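2 protein chains.
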Amino acid sequence: MDKDRLDPWGSSTIKDYSRLQSEFGIEPVTPLLKRFGKLSHHLSRGIDFGQRDLGRVLDAVDKNKPYAVMSGLKPDGSFHLGNKMTADDMIYFQSLSRKATVFYSIADVEAYADNGVSFKDTSKMAVRNVADILALGLDPDRAVVYKQSEEMRVMRMSTVFSRGVTNNMLRAIYGERQIGLYLSALVQAGDILMPQLPDLGGPKPVLVPVGADQDPHIRLARDLAARHKEEFGFLPPSAIYHRLELALTGGNKMSKRIPESGFTLDDGPAAASKRVLSSFTGGRATVEEQRRLGGMADICPVYDLYRFHFAVDDRHSERVYAECIKGTRMCGECKQEAAGLVKKFLEDHHKRRDALLGDAEELLAKSRGYLAAAGK
Amino acid sequence: MDKDRLDPWGSSTIKDYSRLQSEFGIEPVTPLLKRFGKLSHHLSRGIDFGQRDLGRVLDAVDKNKPYAVMSGLKPDGSFHLGNKMTADDMIYFQSLSRKATVFYSIADVEAYADNGVSFKDTSKMAVRNVADILALGLDPDRAVVYKQSEEMRVMRMSTVFSRGVTNNMLRAIYGERQIGLYLSALVQAGDILMPQLPDLGGPKPVLVPVGADQDPHIRLARDLAARHKEEFGFLPPSAIYHRLELALTGGNKMSKRIPESGFTLDDGPAAASKRVLSSFTGGRATVEEQRRLGGMADICPVYDLYRFHFAVDDRHSERVYAECIKGTRMCGECKQEAAGLVKKFLEDHHKRRDALLGDAEELLAKSRGYLAAAGK
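Same order as they appear, the protein sequences are chains A and B.
Position 123, counted from 1, in the first sequence is what my numbering calls 144; the numbers after and before it change by one each time, with no gaps.
Position 363, counted from 1, in the second sequence is what my numbering calls 384; the numbers after and before it change by one each time, with no gaps.
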């Protein structure tokens, strides 16, 4: 990580999460934990480590006022473990109140521009991805899912924003970049601020769950919300930040750009568990050494699989960690166990998802109708 | 005019049109004049002075093949004399063949972003502006008029283009600008290349009539057409360039940004002719001097009114010029005559336009239906 900058388009690891607080003003989550009822596994395991203005969302929960949870994905492949993390947060924060509405953006315009994926292909992909989220627990009754290619609000807003934004402001946040990336940042700001448009119920708290490296997008959206406050009445969007998962290939963060660094919820259970078995680990050079010194769970992507996703509960995750660092858990058996959990999860997930494809199409159609009617 | 650059967003005069040829590669129109039947007044009076690839459009006329004529306007006020010039060219080139289709973009997204004009207001303005063009002679049977706010194709393409374009390329064409202007240039490139999309009939010659200062947009669109040739099969768009009209206030080119520098087709006939009467002219300090030396028609915005718009025919325009430079025509009488022509034109135009408001709405609705069906 560059000393002065987070790179939302890069694939560097973040070594020191506390620096994000001192340098970028991301606040810790821990002081707010007492305001929650049952904690999500992201909260109880310290995966969600930071926030901006999360209190505003919790106030809405307490006062039974409307708020939105906003996220999205680029349908250029299948649902990756990183998408699952964001979805897990989104679903948890939707579950906190009957007044929560999820806005989910399928960035098919960007997928087309970046990867040449045709709208017909992204359309199929979009249905599968929505089914993935439903299988993870999204409540379709309080969700609006839209494709960027059908939603002029986002494009209109990015055009409006592009007029107010200066090159200096973008350079300060993102560094010197090609205009395509700046534009995509403005489009994302359009996505983030859309739930506050007058025809969609007007200003309200909006929570955006993101990986720590995506903070520049949050800062831009908050800056734009302030600049256009007079016109739209925007509240600055809130954010909750999760840690980045380590790559199975070692070294960097898990990334869509390096498929072997993780797996997707579309991968075959056998193939995915095989990838787990051949993963980089935080193990020592020899079994003897590992027994003596303990494993290095903190740099181990296999431990991350337990902690971030597949441990059956918090105690399980803690036990894996403790056994590892004490040297009583060897990498071979640990990977075997993780591979088994991954295989089981994918088998179950595929069954759930395939049964929800019709519901996904229904949600897309219902959302399209809602957004069209709201625009009248 | 900057030595190295044309500024599509500025309001400088162009003093030496021949330099546009040597510096920017705009070709003269004159060698092609023999290929036309009846010349438009823009062609016969040397108002259209330059072109790029106009031959490709004339080939289509000769071979009875389809081609498009593309233009547009930002509905942030009323139809200005500059809009009329572009419309005159567009209508003339539509009239050359039954295989010509006009694509006309109502840039309401940009009007909203730049001037805060709401979509409801621009919608009303758009109907009036379309009626203006119909009153000037557009054939609605071969015209597609769309609002940017309803046309995702343009937004999709500008996103696609933004990925291929580099900052250096934009700086070379436009100089260092704010991102909003770069983005608006990419949106205009989307407008210009839209008629060649597969669902709108695929690659074809497209003629864009523009003022000389708009050449950077043409160069960008041609560059992008080449870059995306493999994917879309784009032909480089053709252009025809008209001279810029002098401001009634003297000095600069007529501009929407300086309302007193011209008038709109919406202005009251009395008010507009009064503006003509108080116009800057190319007259000498005294009547005696003018009789002796002759007037300076070449720097006179009143002469431009005759030449560009209101002379009843070419002979009339030539006579005004000759009398002026010979010193037999005094500015007072010349302005009186011009004011009378302007008053008469506006009275007639208002009658014609008001009778065509229903046709304008019909054309907008028909176009919307056509574009929606083509997208299926």
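Where is the CB? At the ideal position from N, CA and C, for every residue including glycine.
A quick note: this is a predicted structure, and the numbers were derived from the prediction, not measured.
Is the beta carbon of B/Leu102 sitting closer than 9 Å to the one on B/Phe329?
yes
List the residues of chain A that B/Ile213 touches, going by C-beta distances under 8 Å, in chain order.
Neighbours of B/Ile213 on chain A: none; closest Cβ ~17 Å, over 8 Å.
How many Å lie between A/Leu423 and A/Cys321 at the Cα?
Outside the shown range of chain A (22 to 397) lies residue 423 of chain A, about which nothing can therefore be said.
For A/Leu159, the nearest candidate out of A/Gly390, A/Ala386, A/Val333, A/Asp380 (CA to CA):
A/Asp380
Anything in chain A within Cβ reach of B/Ser139, meaning under 7 Å, just list it in chain order.
None at all; the shortest Cβ gap to chain A is about 11 Å.
Could you tell me which residues DSSP pairs with A/Gln72 in its beta bridges?
A/Glu48, A/Ile261
Could you please give me the residues that DSSP links to A/Val165 through a beta bridge?
A/Phe124
Could you list the residues in the stretch 193–208 of chain A with a C-beta less than 7 Å from some C-beta on chain B, going in chain order?
Gln199, Ile200, Gly201, Tyr203, Leu204
Using a Cβ cut-off of 7 Å, pull out every chain D residue sitting near A/Asp220, in sequence order please.
Protein chains in the displayed structure are A and B, and chain D is not among them.
Residue(s) in a DSSP beta bridge with A/Gly93:
A/Ser126
For chain A, find out if any of its Cβ atoms is closer than 9 Å to the Cβ of B/Ser183; answer yes or no.
yes
Is A/Leu191 helix, strand or coil when you go by DSSP?
helix
Mind checking whether B/Pro96 and B/Ala128 have CB atoms under 9 Å apart?
yes
Hey, quick one: how far does the beta strand (DSSP E) through A/Leu202 stretch, first residue to last?
Not the beta strand (DSSP E): A/Leu202 falls in the alpha helix (DSSP H), residues 200–214.
Please say whether A/Val90 and A/Pro230 have beta carbons closer to each other than 9 Å?
yes
Give a yes or no on whether 9 Å exceeds the smallest Cβ distance from A/Leu228 to chain B.
no
Going by C-alpha to C-alpha distance, which of A/Gln311, A/Glu344, A/Arg312 sits closest to A/Tyr327?
A/Glu344
For A/Arg73 and A/Ala260, the rounded distance between their alpha carbons:
5 Å
For A/Arg177, decide whether its Cβ has a neighbour in chain B, counting only Cβ atoms nearer than 9 Å.
yes
Sheet register partners of B/Lys59 (DSSP bridge)
Note: B/Lys59 sits in no beta bridge, so no partner.
When you compare only the Cα positions, how much space is there between A/Glu358 and A/Ala233?
29 Å
Is there at least one Cβ from chain A nearer than 9 Å to B/Thr307's Cβ?
no
Cβ shell of B/Arg312 (< 7 Å), same chain only, five flanking positions each side left out:
Gly348
Please classify B/Tyr125 as buried or exposed, where buried requires at least 16 neighbouring CB atoms within 10 angstroms.
buried
So which residues of chain B does A/Met146 contact, with C-beta pairs closer than 8 Å?
Those do not exist, as A/Met146 stays about 17 Å from chain B at its closest Cβ, beyond 8 Å.
Give me the chain A residues within the contact set of B/Asp135, using Cβ-Cβ distance strictly less than 8 Å, ordered along the chain.
Arg184
Any C-beta of chain A sitting closer than 9 Å to the C-beta of B/Ser388?
no
Have a look at B/Ser170 and B/Thr180 and give me their C-alpha separation to the nearest angstrom.
15 Å
Proximal residues of chain A, C-beta to C-beta of B/Val151 below 7 Å
Within chain A, no residue comes near B/Val151; the closest Cβ sits about 20 Å away, beyond 7 Å.
If you compare alpha carbons, which of A/Arg248, A/Ser388, A/Arg389 is closest to A/Thr187?
A/Arg248
Step through the CB atoms of chain B and report whether any lies within less than 9 Å of the CB of A/Val398.
The displayed coordinates of chain A run from 22 to 397. Any statement about residue 398 of chain A would go beyond what the structure contains.
Is the stretch 295–304 of chain A touching the stretch 107–118 of chain A in the sense that three or more CB pairs, one from each, lie closer than 8 Å?
no
Specify, as a first and last residue, the run of the beta strand (DSSP E) that B/Pro230 falls within.
227–232
Over what stretch of residues does the alpha helix (DSSP H) that includes B/Gly396 continue unbroken?
Looking at the DSSP string, B/Gly396 is not in any alpha helix (DSSP H), and its letter there is neither H nor E.
Using DSSP bridges, identify the partner residues of A/Tyr88.
A/Ala121
Residues in the stretch 363–387 of chain A with C-beta within 7 Å of chain B's C-beta atoms, listed in sequence order?
none
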